[in-house]
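Take a look at the structure set out below.
Numbering (the working numbering), first residue to last: 200 to 518.
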């Protein structure tokens, strides 16, 4: 059994896959499985990958490639990886990103040392004009991540997960929802009593320069609709398993961010009707002003956009 399976879904990554693959094949952790899934990519991503593979003959026996005849989307490909990974631990890497050479060995060693179910790593946002280190908030238990209410990235790329946990849980992504698929998966997996540890000093590089990536279209209506559907399904899952949504502050923050994307004149009816359960949580946040909270609360109690309309218009006049 390999120590770590690293899974990569490939679609439209011709410009980036070489850097990604080289960073994987040059990992200091020797005993790995590399699982590449060609999700019907229309470009020459696979040609580039196959050329890079020739430069690492020592890795050839560790590489698995699955070619899908048609594009199935990120969620479906995530599920293929979850079902077929054979490593002791599992992690994902997106094909336009790359990793430090010591990352997976450091994460694996930390997992074994503490017998952790999950290992977190920090990441760097790689933008056109700068690189910004994001230190992940550290927790010892997975449920504390969901209860924290922090700005926490629930990404499968930043978490090394014990494969036995993946298999025993039977959980999969919400197939067909290709925005927020990691959120929907980890938002359920982390309700299990999993132990968590963290590594620093070696990081994942999250490429924000790829205009073709899913996250680059985060604010488009189709992308937002899928993310909102994902959050609704999470809400249903919590209800079915008697998990109080009111305690899932990290998920409520995601809901709030989606809801408040419509917090503008002309869109307030959509704002009011989306995730109304966020209201009580939002009104408890210390950073918000008294008048904002009052308008937020009154709008929901009266089921009227008038209080928030007044607040927004007064705010415009005071600017």
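For glycine and all other residues, C-beta sits at the position ideal for the given N, C-alpha and C.
Original post:
In whole angstroms, what is the alpha-carbon distance linking residue 368 and residue 360?
Top reply: 12 Å
Original post:
With distances taken between CB atoms, is the gap from residue 273 to residue 377 smaller than 8 Å?
Top reply: yes
Original post:
Would you say residue 244 touches the ligand ATP, meaning its beta carbon is less than 7 Å from a heavy atom?
Top reply: The ligand ATP is not among the ligands present in this structure, which contains no ligands whatsoever.
Original post:
For residue 413, does the three-state DSSP call read helix, strand or coil?
Top reply: Here residue 413 scores only 46 on pLDDT, less than 50, and its place in the model is too uncertain to base an answer on.
Subject >> Sequence-distant residues of its chain with Cβ nearer than 8 Å to residue 413 (five each side left out) >> reply: At residue 413, the pLDDT of 46 sits below 50, so the modelled position is not reliable; the number obtained from the coordinates is stated separately. Contacts found: 273, 377, 378, 422.
Original post:
Considering only C-alpha positions, which residue in the set 267, 467, 215, 448 is nearest to residue 476?
Top reply: 448
**OP:** Kindly identify the DSSP beta-bridge partner or partners of residue 297.
**Re:** 404
Subject >> Beta-ladder partner(s) of residue 232, from DSSP >> reply: 204
Original post:
What did DSSP end up calling residue 291 once you bin it into helix, strand or coil?
Top reply: strand
Original post:
Tell me the DSSP bridge mates of residue 325?
Top reply: 330, 406
Original post:
Which whole-angstrom value is the C-beta distance of residue 248 and residue 220, which I expect to be below 8 Å?
Top reply: 6 Å
**OP:** In angstroms with no decimal places, state the Cα-to-Cα distance between residue 309 and residue 469.
**Re:** 45 Å
Original post:
Helix, strand or coil: which one does DSSP assign to residue 219?
Top reply: helix
Original post:
On the three-state DSSP scale, how would you describe residue 371?
Top reply: coil
**OP:** Report the rounded CA-to-CA distance for residue 229 versus residue 205, giving the unit in angstroms.
**Re:** 12 Å
**OP:** Let me know the secondary structure DSSP gives residue 318 once reduced to three states.
**Re:** strand
**OP:** Assuming residue 267 and residue 238 form a contact by the criterion Cβ under 8 Å, report the distance between their Cβ atoms to the nearest whole angstrom.
**Re:** 5 Å
Original post:
Looking at C-beta atoms only, is the number of pairs between the segment 455-463 and the segment 438-446 that lie closer than 8 Å three or more?
Top reply: no
**OP:** Could you tell me the boundaries of the beta strand (DSSP E) in which residue 353 lies?
**Re:** Element bounds for residue 353: n/a, residue is neither H nor E.
Subject >> Chain-order list of residues whose beta-carbon lies under 6 Å from that of residue 394 (same chain, five-residue window excluded) >> reply: 315, 316
Original post:
Does DSSP put residue 263 in a helix, in a strand, or in coil?
Top reply: strand
Original post:
In its own chain, which residues sit with a C-beta less than 6 Å from the C-beta of residue 415, not counting the 5 before and 5 after it?
Top reply: Only weak support exists for where residue 415 lies, its pLDDT of 43 falling under 50; the value from the coordinates is given anyway. Answer for residue 415: no residue qualifies.
Subject >> Selected residue, minimal CA-CA separation from residue 245, among 275, 279, 491, 207 >> reply: 207
**OP:** Please determine, among 512, 313, 348, the residue with the shortest C-alpha to C-alpha distance to residue 339.
**Re:** 313
Original post:
Is DSSP giving residue 487 helix, strand or coil here?
Top reply: coil
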